[in-house]
Amino acid sequence: MTKADLVNAMAEKAGLSKAETEKAIKAFTDVITEALKAGEKVALVGFGTFSVGERAARVGQNPQTGEKMNIPAAKVPKFKPGKALKDSVN
494 MTKADLVNAM
504 AEKAGLSKAE
514 TEKAIKAFTD
524 VITEALKAGE
534 KVALVGFGTF
544 SVGERAARVG
554 QNPQTGEKMN
564 IPAAKVPKFK
574 PGKALKDSVN
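Quick look at the structure:
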């Protein structure tokens with residue numbers, strides 16, 4: 494499902510215009526992004542939890558040349574699905 498498909502489906506289900514729905518989706522993603530940048534967790538009961546994880550620095554290898562390279566530490570976004578979401582998918 495693409496973003497356009499999501500906008501269409503949500504607009505139809507909520508009875509909103511596509512423009513209003515697109516604004517709502519943008520606001521939702523912006524708020525989650527800002528919270529994760531600030532190091533906060535975003536928990537949506539029944540749906541899941543967005544959080545930030547730490548990935549340690551490590552040594553990798555270029556598959557074409559075999560050359561060793563240092564990969565720096567990084568923060569990565571994580572999503573853990575909630576029980577209701579897991580149950581509805583299975």
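Numbered according to the numbering used here, the sequence shown spans residues 494 to 583. Where is the CB? At the ideal position from N, CA and C, for every residue including glycine. Since we're looking at a predicted model, the values are computed, not measured.
**Report entry** Collapsed DSSP secondary structure at threonine 558 in the structure displayed
**Finding:** Working through the sequence shown from its first residue, we reach residue 558 at position 65. Threonine 558 falls in the coil class under three-state DSSP.
**Report entry** Status (buried if at least 16 other CB within 10 Å, exposed otherwise) for threonine 522
**Finding:** Counted from its first residue, the sequence shown places residue 522 at position 29. Exposed.
**Report entry** For valine 535: DSSP bridge partner residues
**Finding:** For the purposes of this step, residue 535 is taken as residue 42 along the sequence shown, with counting starting at 1. Beta-bridge partners of valine 535 (DSSP): Phe543.
**Report entry** Range of the contiguous alpha helix (DSSP H) that encloses alanine 497
**Finding:** As a working note, residue 497 is residue 4 in the sequence shown. Here the alpha helix (DSSP H) through alanine 497 covers 496-507.
Query raised in the report: Whose CA, out of Val538, Gln554, Ser544, lies closest to the CA of glutamate 527?
Result: Position 34 of the sequence shown, counted from the start, is the residue given in the question as residue 527. Nearest option by C-alpha distance: Ser544.
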